[in-house]
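Novice:
2 protein chains.
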Amino acid sequence: MDGKLREFVTRHTAHHVPIALVTSGGTRTPIERNCVRYLDNFSTGTRGSYAVEELLKRGYAVIHLKREGSVSPLGRIIADVIKCERGGLSFDSVGTLFDCKLDDDVDMERSSEDDAVQTESSADSWMYFSSRENRSGNNGRRISRPSRRRGGLVSLNERVADSPLVQSTLRMYREIKMNGTLLTVEFLYVDEYLDKLKMCCEAINTSGSLALVYLAAAVSDFYIPKEKQATHKIQSRDYGINHQSGSKDDRDATIRLDPDNTLQLTLYPVPKVIPSLRRDWCPNAFVVSFKLETDFTILQQKQVLAMKKNDVQMVIGNELATRYEKVFILTRDGAGGKYFEEEGIESKLLDDDGYRVAEVTAAQGHTNSSLFCGDKIAALEHATIDYVVKRH
Amino acid sequence: MDGKLREFVTRHTAHHVPIALVTSGGTRTPIERNCVRYLDNFSTGTRGSYAVEELLKRGYAVIHLKREGSVSPLGRIIADVIKCERGGLSFDSVGTLFDCKLDDDVDMERSSEDDAVQTESSADSWMYFSSRENRSGNNGRRISRPSRRRGGLVSLNERVADSPLVQSTLRMYREIKMNGTLLTVEFLYVDEYLDKLKMCCEAINTSGSLALVYLAAAVSDFYIPKEKQATHKIQSRDYGINHQSGSKDDRDATIRLDPDNTLQLTLYPVPKVIPSLRRDWCPNAFVVSFKLETDFTILQQKQVLAMKKNDVQMVIGNELATRYEKVFILTRDGAGGKYFEEEGIESKLLDDDGYRVAEVTAAQGHTNSSLFCGDKIAALEHATIDYVVKRH
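Protein sequence lines correspond, in order, to chains L and A. Residues 1 to 392 (the working numbering) are what the first sequence spells out, left to right. Residues 1001 to 1392 (the working numbering) are what the second sequence spells out, left to right.
Now the structure itself:
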């Protein structure tokens, strides 16, 4: 993985392409060493996958550090069309399911349908800033139209075969593959997430202030360290069976079955890594972190505390109940922070230290683009990424 | 849901079709009322989805009570072909993705391709016992070949379009839809599972001893009852912020943040419902329950205890490490239990009470059928369901 990461960053940095690291999905922590039961953090990864798409459209090369099985960019569009779970289709499965050949592949397979191959006109491009489009990774490959094969043992449902949305998704897929602008890295457990985050941050450090870190993953606050996990499955009832194997000491300390049949768990705080990220791993990157709260009254306070403690450039606040409608973006005027008025976005200065909160809503995304056909989350993430990218 | 269940059971019972209720996947229990964090039980639902397929092949009508997002029958085959997560594609998404029209649908859409419609020869049937095949639900519909549409905006990847495995899967899909032999019911949380299990069991009670209950779901042993869940997100650090909202009393009792920043959780035992299931909900059904242990030395003992306590006809034991290679099936000779020698299956009597454990392996599935192309789990579930069905 380390080699792939370095190659990805080197290639794009050489062309001055900005690089974003986007994390998404929740983290898992096992309770037992032979994992049967675990604690999990709720997060589908939807917002993160939209962010990846929006950043790609704006010319970023993206490293997507995602939870296994969480929502994928583009995969989620196809999943909606075929009515399966949004996390069901990965980015790569778009290519394994549909005919998405690049010219290279067609050549390699010595296709007899070369005459059908055409280069997409640049007007067809789905990227907003087409000037950035050919900066990197193209390697002279042309995008081909799907080869429209006849026959085959099975065929697509008409609704899918005739869907303009699927068609435009495949166009995006081919463009991303052709430009090599997306690298996906997966995690499942919280310690795995922490290790891979460090590795990714150290890799993007090469591109200095061109790097953007967008920490949308929902990382557990508490976990059970490996040495304190139960060796065997916790017994739910006292059947008079005693485990002889496994150390009893560590189980007693963190996981205890009481005589009244309740289970007592002790969870330990997960190490906070954002300060190391800012100080050591990629000190010149622009870092955006997140706060999700169920209680709106403490959200802003928590955001300011997080910014002070972690020294990040931006903290995006979500209230659980309204998180698909609006976000509250905290920045700091002066010093490193840039502030400028923006049409349609209300912001207020919190105090003399320059902390400023802007409220960004789905409606603003809709104003900027009519593409979202009622998809509120897409519109909100569009507006959010607009706000972020302008300040990066 | 209740109406659908009753219609399903009535229709099949009228034709003396045996009905199986298969549960699969793990259950979730929230820690907080506005759910951000939860405890979960590890289970992909793979074995249960294979069991559903095997029972359908043997002429059962199946009610599949499954965890949202867990592995689906047939969906898992397509998922493997397009290399996405096994749980990514539902049974229904096979029909929304591919052209799987039944004649009825074709008629309804006044397709101009009626001439392409053919009835599958019964030799093509994927069911083992074709005599049962037309007992129910057919309503005079014929199975059509896919209409092999030309063109469309997008097309399938060649690997998928030309896959005989996908083709045979679509044949199964059409047969199941035509016969109306599968009803899917979904759950996510443990209390939801318990409610829906009761509803399903009461529905199949109509079909008396024709009913089989196959409890493959991994139900949590511990949970936090709703009234004891935290109202707001548990605060990971003491920022000097005090929650005024929400009752502090119940939070103190079950979820407590200690001064050393560890989190103390108290979990309560989930009510055990199998005794009620056997006694009240569907007393004449043949009930198969499961035991999964990480420690092999206590597995058999736990199986016997479970059979005594729950009065079920069969307990299938899995050891976590070898669960995809073999299972240990506990039955009881005499009384209600039937025992007969079977070729290739070793079994031993445990004691004078007639408790008998048979070891069923993937190799036995391979001997019976060469269809599994190295898929060990499929072979094991094939052999297991063989063993179960012969005793039902």
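Note that the Cβ used here is the ideal one computed from N, Cα and C, for glycine as well.
Measuring only between beta-carbons, confirm whether residue 1154 of chain A sits less than 8 Å from chain L.
Specialist: Yes, its Cβ sits closer than 8 Å to a Cβ of chain L.
Novice: Rounded to the nearest angstrom, what separates residue 1318 of chain A and residue 1379 of chain A at their Cα positions?
Specialist: Near 15 Å, if we compare the C-alpha coordinates of residue 1379 of chain A and residue 1318 of chain A.
Novice: Between which two residues does the beta strand (DSSP E) holding residue 428 of chain L run?
Specialist: In the structure displayed, chain L extends from 1 to 392; residue 428 of chain L sits before or after that span and is not available.
Novice: Please say whether residue 345 of chain L and residue 358 of chain L have beta carbons closer to each other than 8 Å?
Specialist: Yes, Cβ-Cβ distance for residue 358 of chain L and residue 345 of chain L is below 8 Å.
Novice: Can you pull the chain A residues whose beta carbon is under 7 Å from the beta carbon of residue 85 of chain L, in chain order?
Specialist: What residue 85 of chain L touches in chain A: 1069, 1088.
Novice: Count the other CB atoms within 10 Å of the CB of residue 1296 of chain A; is the residue buried (16 or more) or exposed (fewer)?
Specialist: The residue in question, residue 1296 of chain A, is exposed, as its Cβ has fewer than 16 Cβ neighbours within 10 Å.
Novice: Closer than 7 Å by C-beta to residue 181 of chain L: which residues in its own chain qualify, once you throw out the five before and the five after it? Chain order, please.
Specialist: Result list for residue 181 of chain L: 56, 61, 62, 137, in chain order.
Novice: Just checking: is the beta-carbon of residue 1161 of chain A within a distance shorter than 8 Å of some beta-carbon in chain L?
Specialist: So yes, residue 1161 of chain A belongs to the interface.
Novice: Please report the straight-line C-alpha distance between residue 1026 of chain A and residue 1087 of chain A, rounded to a whole angstrom.
Specialist: About 13 Å.
Novice: Should residue 1217 of chain A be flagged as near chain L, meaning a C-beta pair shorter than 8 Å?
Specialist: Not an interface residue.
Novice: Please report the straight-line C-alpha distance between residue 220 of chain L and residue 23 of chain L, rounded to a whole angstrom.
Specialist: Answer to the nearest angstrom: the Cα atoms are 14 Å apart.
Novice: Is it buried or exposed, residue 1051 of chain A, if we count other Cβ atoms within 10 angstroms and call 16 or more buried?
Specialist: Residue 1051 of chain A comes out buried.
Novice: Is it a yes or a no for the stretch 1280-1288 of chain A touching the stretch 1197-1206 of chain A, going by three-plus beta-carbon pairs under 8 Å?
Specialist: Taking 8 Å as the limit for Cβ pairs, the verdict is that the stretch 1197-1206 of chain A does touch the stretch 1280-1288 of chain A.
Novice: When you compare only the Cα positions, how much space is there between residue 1311 of chain A and residue 1275 of chain A?
Specialist: Spanning the two alpha carbons is a distance of roughly 7 Å.
Novice: From what residue to what residue does the alpha helix (DSSP H) around residue 1164 of chain A run?
Specialist: First-last of the alpha helix (DSSP H) with residue 1164 of chain A: 1164-1179.
Novice: Any contact of the stretch 255-266 of chain L with the stretch 69-83 of chain L, i.e. 3+ C-beta pairs under 8 Å?
Specialist: These segments do not touch.
Novice: Comparing C-alpha positions only, which one of L:79, L:175, L:190, L:356 sits nearest to residue 334 of chain L?
Specialist: Minimum Cα distance to residue 334 of chain L is reached at L:356.
Novice: Using a Cβ-Cβ cut-off of less than 7 Å, list which residues of the stretch 1260-1281 of chain A approach chain L; keep chain order.
Specialist: Residues 1261, 1262, 1263, 1264, 1265, 1266, 1267, 1268, 1269.
Novice: Should residue 1003 of chain A be labelled buried (16 or more other beta-carbon atoms within 10 Å of its own) or exposed?
Specialist: So residue 1003 of chain A ends up on the exposed side.
Novice: Residue 131 of chain L by DSSP, collapsed to three states: which one?
Specialist: Legend: pLDDT at residue 131 of chain L = 38, less than 50; position of this residue unreliable, no value from coordinates given.
Novice: Taking C-beta to C-beta, are residue 304 of chain L and residue 316 of chain L nearer than 8 Å?
Specialist: No. Outside cutoff.
Novice: Quick one: measure Cβ to Cβ for residue 1029 of chain A and residue 1223 of chain A, integer angstroms, because I've assumed they're closer than 8 Å.
Specialist: Residue 1029 of chain A to residue 1223 of chain A, Cβ: 4 Å. Contact.
Novice: Less than 8 Å between CB atoms is the rule here; does residue 158 of chain L satisfy it with respect to chain A?
Specialist: True, the Cβ-Cβ gap to chain A drops below 8 Å.
Novice: In the DSSP assignment, the beta strand (DSSP E) including residue 264 of chain L goes from what residue to what residue?
Specialist: Counting along the chain, the beta strand (DSSP E) containing residue 264 of chain L begins and ends at 263-269.
Novice: Tell me the DSSP bridge mates of residue 1064 of chain A?
Specialist: Note: residue 1064 of chain A sits in a beta bridge opposite A:1022, A:1184.
Novice: Note down the Cα distance separating residue 1227 of chain A from residue 213 of chain L, rounded to an integer number of angstroms.
Specialist: Straight-line Cα distance between these residues: approximately 39 Å.
Novice: With 8 Å as the threshold, decide whether the Cβ of residue 1304 of chain A is near any Cβ in chain C.
Specialist: The chain inventory of the structure shown lacks chain C, comprising the protein chains L and A.
Novice: If you check the beta carbons only, do residue 91 of chain L and residue 75 of chain L fall under 8 Å apart?
Specialist: The answer is yes: Cβ separation under 8 Å.
Novice: Please list the terminal residues of the continuous alpha helix (DSSP H) segment that includes residue 481 of chain L.
Specialist: Nothing about residue 481 of chain L can be read from this structure; chain L reaches only from 1 to 392.
Novice: Assuming residue 1160 of chain A contacts residue 1166 of chain A (C-beta within less than 8 Å), just tell me the rounded distance between them.
Specialist: That pair is a contact at about 6 Å.
Novice: Rounded to the nearest angstrom, what separates residue 322 of chain L and residue 1046 of chain A at their Cα positions?
Specialist: Their Cα atoms are separated by approximately 36 Å.
Novice: Hey, is residue 361 of chain L's beta-carbon within less than 8 Å of any beta-carbon in chain A?
Specialist: Output row for residue 361 of chain L: interface = no.
Novice: Between residue 325 of chain L and the rest of its own chain, which residues show a CB-CB distance below 8 Å, the 5 nearest in sequence each way excluded?
Specialist: Contacts found: 361, 362, 376, 380.
Novice: Could you run through the stretch 1027-1044 of chain A and flag, in chain order, every residue whose CB is less than 9 Å away from some CB of chain L?
Specialist: Correct list: 1028, 1030, 1031, 1032, 1033, 1034, 1035, 1036, 1037, 1038, 1039, 1040, 1041, 1042, 1043.
Novice: Have a look at the DSSP bridge pairing and note the partners of residue 1094 of chain A.
Specialist: Note: residue 1094 of chain A sits in no beta bridge, so no partner.
Novice: Rank A:1265, A:1040, A:1291 by C-alpha distance to the C-alpha of residue 268 of chain L and give the top, closest one.
Specialist: The residue with the shortest Cα to Cα distance from residue 268 of chain L is A:1265.
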